[in-house]
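Read top to bottom, the protein sequences are chains A and B. Mapping the first sequence onto this note's numbering, position 128 (from 1) lands on 128, and the numbers just tick up by one. Whatever position you read off the second sequence (first residue = 1), add 381 for this note's numbering.
Protein chains: 2
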Amino acid sequence: MSLAPSPAALARAGAVLTVDLGAVVANWRALQARAEGAETAAVVKADAYGLGAAAVAQALSRAGCRSFFVAHLEEGIALRRALPEARIFVLHGPNPGTEVEFAAARLIPVLNGMEQVEGWLAFVAGRGRPVPAALQVDTGMTRLGLSRAEFDALRADPARMRALDPQLLMSHFACADSPDHPLNRQQAERFAAFAADLPGVTASLSASSGIFLGAAARFGLVRPGIALYGGNPTPGAENPMAPVVTLSAKIIQIQEMDRPQTVGYGATWAAPGRGRLATVALGYADGFLRAIGNHPDTHPVFATVKGTWKARLVGRISMDLATFDISAVPEDRIRPGDTVDVIGKYASIDALADAGQTISYELLTRLGPRLPRLYRNGDAS
Amino acid sequence: MSLAPSPAALARAGAVLTVDLGAVVANWRALQARAEGAETAAVVKADAYGLGAAAVAQALSRAGCRSFFVAHLEEGIALRRALPEARIFVLHGPNPGTEVEFAAARLIPVLNGMEQVEGWLAFVAGRGRPVPAALQVDTGMTRLGLSRAEFDALRADPARMRALDPQLLMSHFACADSPDHPLNRQQAERFAAFAADLPGVTASLSASSGIFLGAAARFGLVRPGIALYGGNPTPGAENPMAPVVTLSAKIIQIQEMDRPQTVGYGATWAAPGRGRLATVALGYADGFLRAIGNHPDTHPVFATVKGTWKARLVGRISMDLATFDISAVPEDRIRPGDTVDVIGKYASIDALADAGQTISYELLTRLGPRLPRLYRNGDAS
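Encoded structure:
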């Protein structure tokens with residue numbers, strides 16, 4: 001199976017997402033170095049945050065990554081086809097009745113609540129031998145995971161815990177991107193107490209930002225997601241990760257302005273007079289979030305033209321279109337069919353997410369299915 | 382080809398999108414009645430605003446709809462497979478060099494700028510006979526379309542205009558959802574002048590909201606999109622359209638709260654004490670926009686439990702998860718594996734979009750590829 005879009009598909013496309021797999025691998029290695037001996041897994045749920053789970057996971061597997069996390073059973077089944085040998089954890093655990101599908105695809109369910117634990121124990125009893133599973137405990141996120149009381153009740157029944165035979169004990173930080181938040185220390189302490197009660201089982205608390213919280217948050221396995229894809233795991237400080245994605249959109253039309261006129265829906269932006277505009281084939285249906293265009297004064301957004309010139313986003317982002325002021329680009333250097341980089345040199349994923357009043361995680365996961373994914377440096381691992 | 386997900390896929394899924402094709406058809410008929418003799422087309426770009434272009438377009442075709450609009454060539458090629466006979470317009474027109482693919486799939490390009498016009502004329506000259514195309518003119522959106530001067534220059538050369546032989550003349554409103562905006566009347570007047578200069582060619586100005594602007598905006602063909610899918614084309618007034626989509630998410634875990642504690646990322650929401658929470662397998666990667674959870678005081682959001690009970694969204698929406706307060710649901714009436722309707726009786730697409738500070742168009746087009754689409758009443762047309 002080739003993961004590359006055909007030249008014809010690229011010619012048809014209005015916009016193309018380029019994913020630098022070499023940068024993904026470099027980011028994974030940098031996180032591995034920082035994790036100092038903890039196993040460094042990879043979170044590839046939501047189609048590797050929109051970048052393509054199969055291509056990303058295969059590149060990381062070649063680089064030595066052995067454990068992967070997805071959210072849904074369906075994602076796990078698809079990833080198993082791409083990675084016959086890897087450990088694949090499914091964070092949501094089994095919907096009632098789907099336990100057998102986990103075993104069939106050798107997927108490790110994360111058991112989040114007592115109903116999932118009971119369902120899994122019944123399934124395992126029918127099999128007559130343990131089937132690998134992981135256990136989530138809640139340390140303060142109040143989202144998924146056994147409470148301390150549920151965990152203690154389970155632990156008080158050694159036969160059941162033996163039947164469960166967990167491969168991994170995990171929990172999740174609520175505020176890891178705010179290093180000074182008091183909940184971080186509380187969660188790490190609570191998790192350490194859980195882990196101490198389950199000796200010999202690998203423990204995992206930290207995702208991307210947690211890896212930067214120091215040794216007390218590290219435990220035996222870390223599971224970065226956004227940092228692999230170039231998002232800043234240390235908001236407020238410089239981004240230590242390499243950029244991974246470029247989003248390039250084709251120009252459909254260039255318009256000469258010779259008088260003041262408004263641009264786009266709601267007529268919210270008034271062009272000052274003379275100048276040139278380029279309308280490109282990319283819009284919020286592709287994940288160029290509509291809110292990115294809503295705060296031009298406080299959060300101006302710039303596309304990159306031919307690696308050199310800045311072109312400012314003007315007016316509202318439409319469903320399938322956006323318009324940029326290309327007055328600064330020499331007239332003979334740009335024409336319809338050319339591309340502008342909407343994620344690129346002058347707009348990181350964090351900057352665009354900030355302009356859209358959200359986080360880079362959401363920006364990436366909403367990159368739409370219309371965009372062909374073009375992979376570079378897949379052999380760099 | 383069956384469009385229905387298998388029972389196994391539905392059992393695996395964390396959330397399911399149900400599309401009422403009977404409601405889509407009813408909305409199309411209601412718009413057709415309001416359009417009073419204008420041809421009523423259907424805009425199915427962006428995969429029919431996320432609902433599935435093939436299923437939606439086939440249902441509308443059975444109901445009598447003959448003309449469809451997509452944005453991209455690739456979308457047109459896919460729709461041609463679903464609808465061998467329909468007229469399919471491609472709004473973005475040809476990228477340079479792709480003209481032959483339009484003809485091969487009998488797609489009608491909308492020519493937006495002089496470069497696309499010149500490219501198409503060169504292609505047609507090579508063929509030796511006209512190939513159907515449409516022409517867009519700019520009347521004040523300043524996004525795509527020939528300027529008045531470009532249109533006049535083209536018209537001054539009858540041989541070129543004959544070679545072009547446009548099937549449709551179109552333009553697009555910038556402010557149709559604000560009926561009192563002065564730009565509406567200006568655009569309608571400018572467009573009427575264009576249309577008068579191209580007698581015998583069908584003219585089209587109005588999308589969903591334009592249909593509600595009265596006879597002066599009607600012309601020969603109207604092309605609704607969002608109103609077909611249940612979005613309100615008359616913001617500020619009651620929604621005249623029937624709801625089309627239900628989004629149901631499965632409960633992974635129910636947690637009992639017995640003390641005050643915070644919920645979710647950033648610990649932004651503090652549970653007051655006793656109560657029950659349900660965490661469901663739906664998040665912003667699925668299109669449950671993160672911003673929907675950001676304004677709980679001014680824009681509380683409620684899921685519908687078993688058609689009866691309200692469950693309030695609490696804490697931030699995660700990538701793959703969201704948490705609802707189900708304290709109002711009797712304990713014996715809800716358990717893990719059950720679903721809650723996140724788009725449903727207590728949350729319309731417009732209300733959710735409003736909570737997320739965007740528009741229903743973006744909410745629908747961002748419904749993610751992880752969600753199986755379940756179609757109902759496909760035989761109602």
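Beta carbons: idealized from backbone N, C-alpha and C, even for Gly. Only a predicted model underlies this, so the values are computations on that prediction, with no experimental measurement involved.
Cβ closer than 7 Å: which chain B residues qualify as neighbours of residue i?
i      : result
A/A285 : A427 and T746
A/A71  : D701
A/T339 : The premise fails here: A/T339 is roughly 10 Å from chain B at the closest Cβ pair, so nothing lies under 7 Å.
A/T279 : R524 and L525
A/N112 : I633 and Q634
Quick test of your reading: residue i and residue j, contact by CB under 8 Å. State the CB separation rounded to the nearest angstrom.
i      : j      : result
A/A103 : A/A82  : Not a contact, Cβ separation roughly 19 Å.
A/A217 : B/A648 : No, A/A217 and B/A648 are not in contact; Cβ-Cβ is about 16 Å, not under 8 Å.
A/L289 : A/V342 : Rounded, the Cβ-Cβ distance is 11 Å, inconsistent with contact.
A/Q167 : A/A207 : Going by Cβ atoms, the distance from A/Q167 to A/A207 rounds to 18 Å, so no, they are not a contact pair.
A/A38  : A/L221 : 6 Å
B/D639 : B/R655 : 6 Å
B/A623 : B/A404 : 4 Å
Near residue i, which residues of its chain fall below 7 Å by C-beta distance, leaving aside the five closest residues on each side in sequence?
i      : result
B/P563 : none
B/W409 : T421, A423, L441, A444, C446 and L609
A/R12  : none
Could you work out which residues of chain B lie near residue i, taking near to mean beta carbons separated by less than 8 Å?
i      : result
A/V56  : Chain B residues near A/V56: none, gap ~15 Å exceeds 8 Å.
A/A303 : Ordered by position in chain B, no residue passes the 8 Å Cβ test against A/A303, which lies about 16 Å from the chain.
What three-state label does DSSP hand residue i in the structure shown?
i      : result
A/S178 : coil
B/Y756 : strand
B/M382 : Its pLDDT being 38, under 50, B/M382 is placed unreliably by the model, and the measurement read from it follows with that caveat. Looking at B/M382 - three-state DSSP - the assignment turns out to be coil, as it is neither helix nor strand.
B/M542 : helix
A/D20  : strand
A/G275 : strand
B/T685 : strand
A/M241 : coil
A/D286 : helix
A/L31  : helix
A/M114 : helix
A/A13  : coil
A/L135 : strand
A/F173 : coil
A/E256 : strand
B/G448 : For the record, residue 448 of chain B in the displayed sequence is Ser; it is not Gly. Three-state result, B/S448: strand.
Between residue i and the ligand MN, is there a pair consisting of the residue's CB and a ligand heavy atom that are separated by less than 7 Å?
i      : result
B/I730 : For the ligand MN, the structure offers nothing, since it holds no ligand at all.
Which residues in chain A sit within 8 Å of residue i, going by Cβ to Cβ distance?
i      : result
B/G656 : Chain A residues near B/G656: none, gap ~11 Å exceeds 8 Å.
B/A467 : In chain order: nothing, as chain A lies at least about 20 Å away.
B/T479 : A11 and R12
Starting from residue i, find everything on chain B with Cβ-Cβ shorter than 9 Å and list it in chain order.
i      : result
A/Q261 : G521 and T523
A/L238 : In the sequence as displayed, the identity of residue 238 of chain A is Glu instead of Leu. The contacting residues do not exist; A/E238 stays about 22 Å from chain B at best.
According to the neighbour-count rule (16 or more other Cβ atoms, all chains shown, within 10 Å of its Cβ), is residue i buried or exposed?
i      : result
B/E637 : exposed
A/R316 : buried
B/P717 : buried
B/P475 : buried
B/K687 : exposed
B/D401 : buried
A/S6   : exposed
B/R566 : exposed
B/T339 : Nothing can be reported for residue 339 of chain B: it is not among the residues displayed for chain B, which extend from 382 to 762.
A/T323 : buried
A/G128 : exposed
So, for residue i: in the same chain, excluding its five sequence neighbours on each side, which residues have a beta-carbon less than 6 Å away from its beta-carbon?
i      : result
A/A149 : none
A/M1   : Unreliable positioning characterises A/M1 in this predicted model, as indicated by a pLDDT of 39, which lies under 50. The coordinate reading is nonetheless provided below. Same-chain partners within the cutoff: there are none.
B/M495 : E531
A/A353 : I359, S360 and L363
A/L198 : L169
Below 8 Å CB to CB, which residues in the same chain sit around residue i once its five sequence neighbours on both sides are set aside?
i      : result
A/Y346 : F302, A303, T304 and K310
A/A285 : M319, D320, G368 and R370
B/A576 : L550, V582, A584 and F600
A/A271 : M257, P260, Q261, T262, V263, L277, V314 and D325
Using a cut-off of 7 Å between C-beta atoms, extract the partners of residue i located in chain D.
i      : result
B/T739 : Absent here is chain D; the protein component of the structure consists of chains A and B.
Please list, in chain order, the chain A residues whose beta carbon lies closer than 9 Å to that of residue i.
i      : result
B/G645 : M141, T142, R143 and A174
B/A630 : Neighbours of B/A630 on chain A: none; closest Cβ ~11 Å, over 9 Å.
B/L476 : At residue 476 of chain B the sequence reads Asn, which differs from the Leu that was named. The answer, in chain order, is A11, R12, A13, G14, K250, I252, A281, P336 and G337.
B/T615 : Result: empty, since nearest Cβ-Cβ is about 16 Å, beyond 9 Å.
B/G433 : Residues of chain A passing the Cβ test: none, with the nearest at roughly 12 Å.
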